[in-house]
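Notes follow the structure.
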Amino acid sequence: MSGETVAEQRIATALLGLLNVKSFDRISITEITEKAAVSRVSYYRNFSSKEDILLRHSEYVFDGIVDDLKSGKLKSGYDLWERLLSELSDSNLAVNMCKAGLEDEFFRIFESRMETIFTEILGIDINEKMNLVFMEFVIGGLIALINKPMLINRKITSEDVAAFLRVLGEHSFLLGH
Numbered sequence: 001m002s003g004e005t006v007a008e009q010r011i012a013t014a015l016l017g018l019l020n021v022k023s024f025d026r027i028s029i030t031e032i033t034e035k036a037a038v039s040r041v042s043y044y045r046n047f048s049s050k051e052d053i054l055l056r057h058s059e060y061v062f063d064g065i066v067d068d069l070k071s072g073k074l075k076s077g078y079d080l081w082e083r084l085l086s087e088l089s090d091s092n093l094a095v096n097m098c099k100a101g102l103e104d105e106f107f108r109i110f111e112s113r114m115e116t117i118f119t120e121i122l123g124i125d126i127n128e129k130m131n132l133v134f135m136e137f138v139i140g141g142l143i144a145l146i147n148k149p150m151l152i153n154r155k156i157t158s159e160d161v162a163a164f165l166r167v168l169g170e171h172s173f174l175l176g177h
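Start counting the sequence shown at 1; every next residue gets the next number (the numbering used here).
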């Protein structure tokens with residue numbers, strides 16, 4: 001992930017793994033550092049709180065996607081959606097952010113990176129009403145997808161995202177297609 005150190009990545013991975021089996025408020029710093037195999041000093045050198053871990057990791061994940069789009073590593077819309085699926089489902093990042101009470105912050109980060117993708121990479125003027133509506137539709141659809149009660153205790157699957165993308169395709173009139 002773009003900019004994330006090895007220690008930061010290990011700490012974030014440890015916390016995300018623990019969130020799959022425990023509630024956010026029941027996870028201690030000691031559990032995180034033991035699972036990540038890092039010292040408390042390393043933890044506090046990198047993060048100020050458990051919330052900070054999730055917020056910064058989310059930024060690294062989405063910044064990595066933006067960087068890969070800019071560099072040409074992701075060559076198509078399909079590549080972008082596959083990467084989003086991978087990032088959101090492999091670590092259950094979005095669901096775990098919601099479990100931690102950070103859904104507003106998560107979607108603020110997501111929305112700002114999607115705005116970058118739309119404007120800088122795809123060259124779409126999101127100030128144009130139709131494109132702004134489309135971006136809000138995509139974000140709203142992802143919010144609805146990950147906030148489904150059935151997803152709170154399981155990973156988002158490719159079938160979940162495929163269903164969302166089918167709905168998105170059915171409403172592609174928003175893009176003028």
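Just so you know, even glycine gets a beta-carbon here, dropped at the ideal spot from N, CA and C.
Since this is a predicted model, take the numbers as computed values, not measurements.
Query raised in the report: Which full runs of the beta strand (DSSP E) of 3+ residues lie inside the region 18-84, going along the chain?
Result: Those beta strand (DSSP E) runs which fall completely within the region 18-84 and span 3+ residues do not exist here.
**Report entry** As assigned by DSSP and simplified to three states, the class of residue 103
**Finding:** Residue 103 sits at position 103 when you count from the first residue of the sequence shown. In the structure shown, residue 103 sits in a helix (DSSP, three-state: H, G or I).
**Report entry** residue 115 versus residue 44: straight-line alpha-carbon distance, rounded
**Finding:** The count along the sequence shown starts at 1 and reaches residue 115 at position 115. The count along the sequence shown starts at 1 and reaches residue 44 at position 44. Whole-angstrom Cα-Cα distance: 32 Å.
Requested in this report: Measure the C-alpha to C-alpha separation of residue 7 and residue 121 and round it to an integer number of angstroms.
Outcome: Residue 7 sits at position 7 when you count from the first residue of the sequence shown. Residue 121 sits at position 121 when you count from the first residue of the sequence shown. About 31 Å.
**Report entry** Among 29, 36, 113 and 13, the one whose alpha carbon lies nearest that of residue 67
**Finding:** Along the sequence shown, one-based indexing puts residue 67 at 67. Of the listed residues, the one whose Cα sits closest to residue 67 is 113.
**Report entry** Spatial distance of residue 9 from residue 63 (CA atoms)
**Finding:** Against the sequence shown, residue 9 aligns to sequence position 9. Against the sequence shown, residue 63 aligns to sequence position 63. Residue 9 and residue 63 have their C-alpha atoms spaced approximately 14 Å apart.
Requested in this report: Can you say whether residue 12 is buried or exposed, counting buried as having 16 or more other CB atoms within 10 angstroms of its CB?
Outcome: For this step, residue 12 is matched to residue 12 along the sequence shown. It counts as buried.
Report task. Measure the alpha-carbon distance for residue 74 versus residue 117 and round it to whole angstroms. Result -> Within the sequence shown, the letter at position 74 stands for residue 74. Within the sequence shown, the letter at position 117 stands for residue 117. Straight-line Cα distance between these residues: approximately 12 Å.
Requested in this report: Out of 18, 24 and 95, state which residue places its alpha-carbon closest to the alpha-carbon of residue 35.
Outcome: The residue labelled residue 35 in the question sits at position 35 within the sequence shown. Of 18, 24 and 95, the residue nearest in Cα terms is 18.
Report task. Tell me whether the beta-carbon of residue 49 lies closer than 8 Å to the beta-carbon of residue 97. Result -> For the purposes of this step, residue 49 is identified with residue 49 of the sequence shown, where counting begins at 1. For the purposes of this step, residue 97 is identified with residue 97 of the sequence shown, where counting begins at 1. Between residue 49 and residue 97, the C-beta gap is not smaller than 8 Å, which leaves the two residues out of contact.
Requested in this report: Decide if residue 91 is buried, meaning its Cβ has at least 16 other Cβ atoms within 10 Å, or exposed.
Outcome: In the sequence shown, residue 91 corresponds to position 91, counting from 1. The residue is buried, with at least 16 neighbouring Cβ atoms inside 10 Å.
**Report entry** Inter-residue Cα distance where the pair is residue 33 and residue 102
**Finding:** Counting from one through the sequence shown, the residue named residue 33 turns up at place 33. Counting from one through the sequence shown, the residue named residue 102 turns up at place 102. The alpha-carbon atoms of residue 33 and residue 102 are separated by roughly 21 Å.
Requested in this report: Give the straight-line distance between the Cα atoms of residue 30 and residue 46, rounded to the nearest whole angstrom.
Outcome: Indexing the sequence shown from 1 puts residue 30 at position 30. Indexing the sequence shown from 1 puts residue 46 at position 46. In this structure, the straight-line span from the alpha carbon of residue 30 to that of residue 46 is close to 15 Å.
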